[in-house]
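What follows is one structure encoded as structure tokens, with my remarks underneath.
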Amino acid sequence: DSTKASQFTGFLRDGLQKIKTRGERKPFKIGVPFIWCSNNLVAAALTQSRLYTRITGDTAFEEMEASLRDWLFGCNPWGTSMLIGYPKYNDTPSDPHSAFTALHNIPIDGGLVDGPVYNTIYSKLIGIKLYSPDEYAPYQSDYVVYHDDYGDYSTNEPTMDGTASLSFYFASLQNDGGQIVNPHISTSHSAVIRGDSTQPELSLVFTGHEFADGGETILKVLKKHDVKASFFLTGDFYRNPDYSALIKALKADGHYLGAHSDKHLLYADWEKRDSTLLTKTALHQDIKDNYKAMAEFGISHYDAPFFLPPYEWYNEEIAAWTSQLGLKLINFTPGTKSHADWTIPSMNEKYTDSDAIFKSIIDYDNANKKSGLNGFILLSHIGTHPERTDKFYNK
């Protein structure tokens with residue numbers, strides 16, 4: 155009945171308010187006590203906040219909920235996720251207090267570990283022994299501690315009840331998120347490779363690194379037909395003084411100017427795609443250097459949130475590392491040969507002339523009557539090697 159319903163939501167509100175008040179003066183806004191299984195309390199608070207908001211429509215605790223959620227995913231003094239193996243390619247518990255992993259190397263990805271405890275609790279525990287050097291030693295404090303070590307059964311043991319509780323919370327987020335995702339947008343290896351296939355529009359994309367011989371022609375044609383395109387250029391391209399006037403003209407005409415890496419490095423192995431060829435630090439530096447060059451033209455990552463990888467080649471790890479910089483990875487839509495306009499005659503059978511490229515685009519459109527080129531990311535190059543005299547941009 156309504157009386158009991160009001161009483162129930164009142165209990166939820168009172169409890170959540172106490173957690174919120176307790177955390178207001180703390181840097182991470184975490185109001186749960188750091189007793190054993192503190193992450194269970196975080197999961198419980200998340201669940202109750204989600205339930206309260208769903209029932210009442212009151213959003214008073216959404217900021218607190220975000221802080222609690224972020225705490226589990228690395229917004230904490232140790233900069234680590236509290237879920238084993240999740241998110242992938244990030245700092246997550248790798249040495250949990252679990253016989254499955256310690257004795258049999260069985261993965262238990264998705265498991266929520268107990269979480270940090272007060273130092274006053276940890277210091278009095280019996281039988282605690284770290285088996286490896288503490289990688290988080292600089293971030294431990296007299297207040298709370300956390301160790302990613304098999305020997306610490308107080309903070310790094312997977313908790314079944316906390317994991318089960320958290321699965322409900324994540325499922326509710328997934329349910330809401332599933333209502334937002336456009337099913338007509340295609341992705342591959344976590345990169346967007348095609349826009350909405352139900353909409354009769356496509357994206358013209360040009361990449362550039364070493365050459366820009368087609369720049370003036372492309373700029374003129376786009377202006378003539380009042381079409382906007384996207385140009386993903388390397389740091390070397392942006393820094394080349396010979397291309398400065400072209401870049402300024404493209405920007406003045408309202409075209410999108412984005413990043414294509416700084417030095418046009420190969421990020422992933424051609425044969426073993428899941429083998430990444432550089433470290434996360436090196437990747438981030440390469441991308442940051444690209445944006446540093448773009449900044450000289452007044453372009454920030456807020457203006458250019460999409461990143462198109464060099465060689466149009468990447469993997470899941472590259473996509474994850476890119477997202478950590480607040481960028482979204484994109485790539486061309488497969489199905490045509492537009493991206494082969496860089497090939498040169500000396501490549502023999504790999505060379506693709508402009509007629510063949512154009513035919514592949516028309517053939518794809520004709521063969522796919524329902525969606526055609528809808529949502530296509532049609533990629534070609536702003537310039538090519540001098541050996542290629544059959545320039546596709548003149549087609």
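Going by this note's numbering, the first residue of the sequence shown is number 155, and it counts up by one from there. Backbone N, C-alpha and C fix where the C-beta goes; we use that ideal spot for every residue, glycine too.
Could you pull the DSSP bridge partners for residue i from this structure?
i, result
"L237", "Y240, L266"
"H438", "Bridge partners of H438: none, in fact."
"K482", "F460"
"Y272", "V298"
"T430", "A422"
"T490", "P488"
"P312", "V267"
Along the chain, where does the beta strand (DSSP E) that runs through residue i open and close?
i, result
"V359", "357-362"
"I347", "345-348"
"Y410", "410-413"
"T341", "340-342"
"H535", "531-535"
"L387", "384-387"
Rounded to the nearest angstrom, what separates residue i and residue j at their Cα positions?
i, j, result
"K374", "N548", "11 Å"
"G281", "V298", "19 Å"
"R427", "L479", "22 Å"
"Y410", "H438", "22 Å"
"F385", "G369", "10 Å"
"L266", "S203", "19 Å"
"E217", "R208", "15 Å"
"R542", "T317", "58 Å"
"Y518", "L527", "8 Å"
"D416", "F451", "15 Å"
"T309", "G408", "53 Å"
"I516", "P354", "15 Å"
"F182", "R176", "11 Å"
"S192", "D168", "20 Å"
"G164", "L205", "12 Å"
"D224", "I453", "29 Å"
"S351", "T506", "27 Å"
"D440", "W467", "15 Å"
"G228", "Y323", "17 Å"
"V335", "L279", "47 Å"
"A403", "T371", "12 Å"
"T497", "A214", "58 Å"
"K174", "L400", "54 Å"
"A291", "G389", "38 Å"
"E289", "H301", "8 Å"
"M392", "H455", "Position check: residue 392 holds Tyr in this sequence, whereas Met was assumed. Their backbone Cα atoms lie some 15 Å apart in a straight line."
"N469", "D268", "32 Å"
"K442", "A436", "10 Å"
"W424", "K180", "48 Å"
"N520", "D495", "21 Å"
"I184", "I484", "36 Å"
"M236", "S295", "18 Å"
How is the alpha helix (DSSP H) around residue i delimited, first residue to last?
i, result
"T226", "Note that residue 226 is Leu in the sequence shown here, rather than Thr. Here the alpha helix (DSSP H) through L226 covers 216-226."
"A458", "Where A458 is concerned, there is no enclosing alpha helix (DSSP H), given that its DSSP letter is neither H nor E."
"I511", "508-521"
"D168", "156-177"
"A422", "Here A422 belongs to no alpha helix (DSSP H), and DSSP marks it neither H nor E."
"V375", "369-378"
"K405", "398-406"
"N193", "192-210"
"S477", "470-477"
"T213", "Unbroken run through T213: none, as it is neither H nor E."
"T255", "253-258"
For the putative contact between residue i and residue j, defined by C-beta atoms under 8 Å, what is the C-beta separation to the nearest angstrom?
i, j, result
"I260", "P247", "About 14 Å; that fails the 8 Å criterion."
"D306", "L327", "That belief does not hold up - the Cβ atoms of D306 and L327 are roughly 30 Å apart, past 8 Å."
"K553", "P464", "What is shown of the chain runs 155 to 549, which leaves residue 553 out entirely."
"I531", "G349", "7 Å"
"Y397", "A422", "At roughly 27 Å, the Cβ-Cβ gap does not stay under 8 Å, so Y397 and A422 are not in contact."
"S492", "I511", "6 Å"
"F546", "S508", "5 Å"
"H414", "L387", "5 Å"
"Y240", "D263", "6 Å"
"A383", "F360", "6 Å"
"S319", "A199", "Contact doesn't hold; Cβ gap of about 10 Å is too wide."
"F461", "G412", "7 Å"
"L533", "F486", "4 Å"
"S286", "D303", "6 Å"
The ligand MG and residue i: does any heavy atom of the ligand fall closer than 7 Å to the residue's C-beta?
i, result
"F451", "As far as ligands go, the structure on display features none, and thus does not contain the ligand MG."
Taking three-plus beta-carbon pairs below 8 Å as touching, is the segment 445-452 in contact with the segment 311-323? no
Report yes or no: do the segment 336-354 and the segment 467-477 share at least 3 C-beta pairs separated by less than 8 Å? yes
Give a yes or no on contact between the segment 375-392 and the segment 496-503, applying the rule of three or more CB pairs nearer than 8 Å. no
Three-pair Cβ contact test at 8 Å for the segment 183-193 versus the segment 268-279: yes
Assess, as a yes-or-no matter, whether the segment 240-259 is touched by the segment 217-226 under the definition of 3 or more beta carbon pairs within less than 8 Å. no
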